[in-house]
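> In the order they appear, the protein sequences are chains A and B. When we follow our numbering, the leftmost residue of the first sequence carries the number 1, and every step to the right adds one. When we follow our numbering, the leftmost residue of the second sequence carries the number 180, and every step to the right adds one. By construction, the Cβ of each residue, glycine as well, lies at the ideal position given by its N, Cα and C atoms.
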Amino acid sequence: MPEIVLARYGEPARIEKREAVVIADLESIGAIPTTTEIVVPLALWLDGATQGALKGRKVVVLLKSSDDPLRLAGQLAAVAAVAIEFPVFSDGRGYSIAALLRERLRYGGQIRAVGDVLRDQAFYMQRCGFDAFVPRPDRSIDEFIKGFGDFRETYQASAVLEPLFRRREEALLALAGRA
Amino acid sequence: MYLYDEIDRAIVSDRVAQFKDQLARFLKGDLSEDEFRPLRLQNGLYLQRHAPMLRVAIPYGMLRANQLRKLAEIARRFDRGYAHFTTRQNIQFNWPKLEDCGDILAELAKVEMHAIQTSGNCIRNTTTDHFAGVAADEVADPRPTCELIRQWSTFHPEFAYLPRKFKIAVNGALNDRAAVLAHDIGVLLTRNEQGEPCYSIYAGGGLGRTPVIGHLIRERLPRAELLNYLSAILRVYNRFGRRDNLYKARIKILVRDLTPDVFARHVEDEWSHLAGGPGSVPDAEFARLASFFEDPPYAECANEESLLARQAATSKPFSNWLKRNVTAHRVRGYAAVTLSLKKTGSPPGDASADQLDAIAALSEAFSFGEARVSHEQNLILADVRQDALFALFEALRPLGLATPNIGLVTDIVCCPGGDFCALANAKSIPVAEAIQRRIDERIDAIDFMHDIGDIDVNISGCINACGHHHIGHIGILGVDKNGEEWYQVTIGGSQGNAASIGKIIGPSFARAQMPDVIERLLQVYVRERHGDERFIDTVHRVGIEPFKNHVYKEPEHA
């Protein structure tokens, strides 16, 4: 069963197993066990009948990096997670998508990174609001988790933390305490 | 100058550890070439023609004596005893070993230096006026703003994988000395009607394959909103900039395709959601940053016009140097001195380890232990007492750092070109040298150069335009024609407040023709100029035709 890393910024990461099926239409949903997540592309989720048909199911809305996350305004109450796909790790649009979900839409649920998800981008993803990760299957999941610890401090405002200039004194104390 | 606290130190030292680990994983085969490339580039590490190249940031051009000494030490220990100052206030080491790069970064971290985001598709080193804080025409010191941007842009989580590289320049004086109109974002410090500091924001400028002058998209931006506004621009670019074609991926293409007005509307909309939020910068933070750039302990001293006139009268070399390499200072009795890295025979922007050490010592003796690098690839001692200028001149001469050519035809801005750079189509350093030698051959070389006066000659070895050839009064671009090196010439480009892109004068030239071409361009200028008119003003007045006709005229044309 595929593994997923759950890791909110500043909290320890944990690994869970979870089954998910990506659907292209509503035809096959009856055959999917209720414990399995149903991954729904954005266009299908916004299509009239979908949300009613998937009522009570574990729905993960899937955004491609070219999708507009603002179309999900008011459409997120019934979802278990939003997944953002990185077609290749160097396509940085997913970071802005996650930041918009958190900052603009005030979405507090799970944001999951899927696709070309690698250790050296983990820290940035987490700071943009991602709190769930499906690392590329050919890579060690324990290695991936190490990426969250790359930096002890950060400068700028982000989806998870105020900018350093609003919390410098406490940050200095915390850093001294950690040393 | 900005001093690190424990947080800055922790961030840079964590970066060293991160990069050492990435390098080790790459060498072990755990990271593929494609995965490692953006990581190493965001740490300034290129794999070049002969060896790796490591580009080290000099944030907004400021250097302390201990940093100069560290750069000298690295040049000796890990390189071949020299380094190259770039056109974006960075310094490059051309011959480090890949496996030494982690140790070099660790050495740099000891003096609060790093190679963070000096390359890659991310926000690069922020650049500014090399006379910041001392210029007589300054509206406000740009350096606190630069440091604010440095911190905001360092490891920004949302903007580390942009469609393409992203360069920001800041200027705080009436005259633009930071080429802000040739940057992805140009930030101009101004004051509003109430006299409060604010910013004008230009976007979509840039050189490279498609040179564009930046568009003014926002005036009177309250200073508290700078980072929110920059975030809005970057977010629009990150989401909508093209990623399908490397050559159309810069923000200038997005601004052009949307039109500057529509682009600005997108940005304003995005900003409206960020304004007043956590990214707004409190006055206290500006005050904290400004405290690092307060005046050094200047002495109460007088202007020394008559002393300098007497010294100049006894020494023609000093007189020439005074004219070209010494700049007025806003504080009475002081001057800013430019150390020329454009001596004939030495690649433009190169400095040896011995020179770097000597400059460190001179900065301590003459200029409060600080130096700057200009985007024109020269070094500046910004706070020199006028009564010490002669002594400084005498000290610089044996070091080869007193060439009296700042802003003159031999002060050539030049990328490393085909001698070093894997991207280059043609060599650039030998072209610069051939032009310098042609001028030097003249019996009246110095007087001739001074008579020609202000002129920017810029050479790039490829279309990436690191030598900023588009904004050179004379721009030279190396091109490849069937495996041969040729050079395309533009005239009429300029940097500064009225920045313009040069026009191509005609078919390209062989390298050996280039000194003749320059000589002929200067001949037309001397023939056509009115009074004190500069070369660029003559070009703008008479157009390129007279220059073109003379340069391509047979039979003299080789």
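1) What first and last residue would you give for the alpha helix (DSSP H) that runs through V446 (chain B)?
2) Taking contact to mean at least 3 C-beta pairs separated by less than 8 Å, is the stretch 338-351 of chain B in contact with the stretch 222-236 of chain B?
3) As a quick exercise: from B:S553, B:A196, B:T369, pick the residue whose alpha carbon is nearest that of G379 (chain B).
4) Within 8 Å (strictly less), CB to CB, does R102 (chain A) reach chain B?
5) Work out the CA separation of W331 (chain B) and G458 (chain B) for me, nearest whole Å.
6) Taking the alpha helix (DSSP H) that M125 (chain A) falls in, what are its first and last residues?
7) Say whether chain A places a C-beta atom closer than 8 Å to the C-beta of I614 (chain B).
8) For the stretch 140-163 of chain A, which residues have a beta carbon sitting closer than 7 Å to at least one beta carbon of chain B?
9) Can you tell me whether Q373 (chain B) is buried or exposed? The criterion is at least 16 other CB atoms within 10 Å of its CB, across all chains shown.
10) Can you tell me which residues form a DSSP beta bridge with G667 (chain B)?
11) By how many angstroms is the C-alpha of P694 (chain B) removed from the C-alpha of H736 (chain B)?
12) Just reading off the beta strand (DSSP E) that D562 (chain B) is part of, what are its end residues?
13) For T517 (chain B), collect the residues of the same chain with a Cβ closer than 6 Å to its Cβ; drop the 5 residues on either side in sequence, then sort them by chain order.
14) Nearest chain B C-beta to G92 (chain A) closer than 8 Å, yes or no?
15) Could you pull the start and end residues of the beta strand (DSSP E) that S639 (chain B) belongs to?
16) Is the Cβ of E185 (chain B) closer than 8 Å to any Cβ of chain A?
17) Report the three-state DSSP secondary structure of P475 (chain B) (helix, strand or coil).
18) Quick test of the definition: if touching needs 3 or more C-beta pairs under 8 Å, does the stretch 228-243 of chain B touch the stretch 264-281 of chain B?
19) In terms of residue numbering, what span does the alpha helix (DSSP H) encompassing G351 (chain B) cover?
20) Kindly list the residues whose CB is nearer than 6 Å to the CB of A288 (chain B), restricted to its own chain and excluding five residues on each side of it in sequence; keep chain order.
21) Considering V820 (chain B), what are the terminal residues of the alpha helix (DSSP H) in which it resides?
22) Please report whether the beta-carbon of L105 (chain A) lies at a distance below 8 Å from any beta-carbon of chain B.
23) Give a yes or no on whether 8 Å exceeds the smallest Cβ distance from A737 (chain B) to chain A.
24) By alpha-carbon positions, which one of B:M180, B:G299, B:D626, B:E252 ends up nearest to D213 (chain B)?
25) Taking the C-alpha atoms as reference points, what is the distance between V510 (chain B) and F547 (chain B)?
26) List the residues that DSSP assigns as beta-bridge partners of C593 (chain B).
27) Quick check on P457 (chain B) - is its C-beta less than 8 Å from some C-beta in chain A?
28) Kindly indicate if chain B contains any beta-carbon less than 8 Å away from that of S96 (chain A).
29) Skipping 5 residues on each side, what residues in its chain have a beta carbon closer than 6 Å to that of D598 (chain B)?
30) Report the three-state DSSP secondary structure of A159 (chain A) (helix, strand or coil).
31) Give every residue of the same chain whose Cβ lies closer than 6 Å to the Cβ of R467 (chain B), excluding the five residues on either side of it in the sequence, and list them in chain order.
32) Should L46 (chain A) be flagged as near chain B, meaning a C-beta pair shorter than 8 Å?
33) Quick check on the burial criterion: 16 or more other C-beta atoms within 10 angstroms. Buried or exposed for A507 (chain B)?
34) DSSP on Q110 (chain A), reduced to helix/strand/coil?
35) Does W331 (chain B) come within less than 8 Å of chain A when only Cβ atoms are used?
36) Exposed or buried, what is R212 (chain A) when buried is set at 16 or more other beta-carbons lying within 10 Å of its beta-carbon?
On the basis of the supplied data:
1) 439-453
2) no
3) Correcting the residue identity first, residue 379 (chain B) is Ser in this sequence and not Gly. Looking at the Cα atoms, B:T369 is the closest of the given residues.
4) no
5) 9 Å
6) 122-127
7) no
8) D150, F151, R152, E153, T154, Y155, Q156, A157, S158, E162, P163
9) exposed
10) Here residue 667 (chain B) is Gln; the residue named in the question, Gly, does not match the sequence. In the DSSP output, where bridge partners are listed per residue, Q667 (chain B) has B:L656.
11) Residue confidence is low: H736 (chain B) scores 47 on pLDDT, short of 50, so the model does not pin down where it sits. Its coordinate-derived value is still stated next. Whole-angstrom Cα-Cα distance: 12 Å.
12) 558-564
13) N504, N557, I559, I585
14) yes
15) 636-639
16) yes
17) coil
18) yes
19) From DSSP, G351 (chain B) is part of no alpha helix (DSSP H); its letter is neither H nor E.
20) V191, S192, V195
21) The first residue shown for chain B is 180 and the last is 737, placing residue 820 (chain B) beyond what the model contains.
22) no
23) In this prediction, A737 (chain B) has a pLDDT of 47, which is less than 50 and means its spatial position is unreliable; what the coordinates show is noted afterwards. No, its Cβ sits nowhere closer than 8 Å to a Cβ of chain A.
24) B:G299
25) 14 Å
26) B:I638
27) yes
28) yes
29) K606, I608
30) coil
31) none
32) no
33) exposed
34) strand
35) yes
36) No answer is possible for residue 212 (chain A): the residues shown for chain A start at 1 and end at 179.
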